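**Q** Residue numbers (this note's numbering), protein chains in the order written: chain A, 1 to 155; chain B, 156 to 310.
Protein chains: 2
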Amino acid sequence: MKQPSPKFAALSASDIEELDHIELLFFAYKEFTADADRILEGIGFGRAHHRVLFFVNRKPGLIVAELLDILGITKQSLARVLKQLIEAGYIDQEAGSHDRRQRHLYPTKAGRELILNLSLPQSRRIKAALKQSSKAQDETIKNFLRQMTDIVPDR
Amino acid sequence: MKQPSPKFAALSASDIEELDHIELLFFAYKEFTADADRILEGIGFGRAHHRVLFFVNRKPGLIVAELLDILGITKQSLARVLKQLIEAGYIDQEAGSHDRRQRHLYPTKAGRELILNLSLPQSRRIKAALKQSSKAQDETIKNFLRQMTDIVPDR
DNA sequence: ACTGATATGTCAGCCTTGTTGACTTATTTT
DNA sequence: AAAATAAGTCAACAAGGCTGACATATCAGT
Chain A
1 MKQPSPKFAA
11 LSASDIEELD
21 HIELLFFAYK
31 EFTADADRIL
41 EGIGFGRAHH
51 RVLFFVNRKP
61 GLIVAELLDI
71 LGITKQSLAR
81 VLKQLIEAGY
91 IDQEAGSHDR
101 RQRHLYPTKA
111 GRELILNLSL
121 PQSRRIKAAL
131 KQSSKAQDET
141 IKNFLRQMTD
151 IVPDR
Chain B
156 MKQPSPKFAA
166 LSASDIEELD
176 HIELLFFAYK
186 EFTADADRIL
196 EGIGFGRAHH
206 RVLFFVNRKP
216 GLIVAELLDI
226 LGITKQSLAR
236 VLKQLIEAGY
246 IDQEAGSHDR
256 RQRHLYPTKA
266 GRELILNLSL
276 PQSRRIKAAL
286 KQSSKAQDET
296 IKNFLRQMTD
306 IVPDR
């Protein structure tokens, strides 16, 4: 017979069993990003540059609108870092052949080298964390992460 | 007979098998934080407030130095958000009984309610992502995340 | 051919949250 | 009594989000 508060329902800690998972995810992601941050700070780039380069490398030739959609940021935010990546010679732009308004983005050789070096410590961390896991367990983990992005937790 | 470049070793994409994992982790964490962000923006707080409240709730009575260590930020950064949380009545401070220089932090009733409401959508997302998993698989996932924070990927 | 929609780029300013450096106060330790 | 420690504070700066407004090029439909 609890009365819910106007803004928030009355809850007790026992309602949530996943606090361990939440905490683990926080620390895991923190260490994960720190790997690349150490390299980035040496070359005057930040995480935003890393993400852009990562996805341009993952899907060479993707257009700006697609990249915006993947990153979930505004074009003004993207412009700032994309411009620097282009000027520094890590990304090339090319007008679309069908639609010449579109800008297709490609990593340069230097861009590919940089993103690989940024990914390497992250890769090593993941590989080590998977070390004791079987192939089936790897699928379990990937499936969990995949599900995490698909779920809509409203209600 | 590749010559490594002075700054970065020469690599090809085939050297990294964990790009899928990296991408999945990025999207999973993005959605995970977005859950709470939607609530936070309604009450004028940000992620920094969330993290502080989360850990104060997880370990009631922890001192400022411990919190700084957990969060991995400077005391000036913490001060800004901690002050707001105290003034808004979500966290209480108490001088230590042994060492009265120390400030022990406790969530208030309102603080406990808020963090539970922030954690709820995240919990639901995780619970749903684990839905098809067995208990053993849950352990696999938690173990993976735990390993992720322990590994030192240098070399 | 004109007109409106679309893709991108840009300027300006704001906010949050991280940083460094310098300094204060209270308290404990030596 | 002096030094070390825990915490708090002020100021300034940087990264990377955001909004709003507007410019340019190109495409698509009538």
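Here a beta-carbon is modelled for each residue, glycine too, at the ideal position from N, C-alpha and C. Predicted model, so just to flag it, every value in this text is computed and none were measured.
Closer than 8 Å between beta carbons: that is the criterion. Which residues of the segment 15-28 of chain A meet it against chain B?
**A** Residues D15, I16, E17, E18, L19, D20, H21, I22, E23, L24, L25, F26, F27, A28.
**Q** With a threshold of 8 Å between beta carbons, is B:L300 in contact with chain A?
**A** So yes, B:L300 belongs to the interface.
**Q** In this structure, how does DSSP classify A:A10 when only helix, strand and coil are distinguished?
**A** Annotation note: pLDDT 49 at A:A10 (below 50); position unreliable, coordinate value reported separately. Coil at A:A10, not helix or strand.
**Q** Three or more C-beta pairs closer than 8 Å, one from the segment 197-212 of chain B and one from the segment 261-275 of chain B: is that the case here?
**A** The answer is yes - the segment 261-275 of chain B touches the segment 197-212 of chain B, with three or more Cβ pairs under 8 Å.
**Q** Compare the beta carbon distance of B:T263 and B:Y245 with 8 Å and say whether it is the shorter of the two.
**A** Yes. Within cutoff.
**Q** Using beta carbons (cut-off 8 Å, strictly below), is B:R255 in contact with chain A?
**A** B:R255 does not count as touching chain A.
**Q** Out of A:L105, A:L130, A:E23, A:D15, which one is the CA nearest neighbour of A:L62?
**A** With distances taken between Cα atoms, A:L62 lies closest to A:L105.
**Q** Is B:K297 closer than 8 Å to A:H98 when the C-beta atoms are compared?
**A** No, Cβ-Cβ distance for A:H98 and B:K297 is not below 8 Å.
**Q** Considering B:D254, what are the terminal residues of the alpha helix (DSSP H) in which it resides?
**A** Segment: none, B:D254 is in no alpha helix (DSSP H) and carries neither H nor E.
**Q** Taking A:F45 as the reference, give the member of A:A28, A:R100, A:L82 with the closest Cα.
**A** It is A:L82.
**Q** Do A:I151 and B:A220 have their beta-carbon atoms positioned less than 8 Å apart in this structure?
**A** Result no, Cβ atoms of B:A220 and A:I151 do not sit closer than 8 Å.
**Q** Helix or strand or just coil, what does DSSP make of A:P121?
**A** Reduced to three states, the DSSP call for A:P121 is helix.
**Q** Sorted by chain position, which residues of the same chain lie with C-beta nearer than 8 Å to A:A36's C-beta, five sequence neighbours on each side aside?
**A** Hits under 8 Å: R47, H50, L118, S119, P121, Q122.
**Q** For A:Q165, report the span of its alpha helix (DSSP H) as first-last.
**A** Only positions 1 to 155 of chain A appear in the structure, and residue 165 of chain A is not among them; the question remains open.
**Q** Shorter than 8 Å from the beta carbon of B:L195 to some beta carbon of chain A?
**A** Taking Cβ atoms only, chain A never reaches closer than 8 Å to B:L195, which makes this a no.
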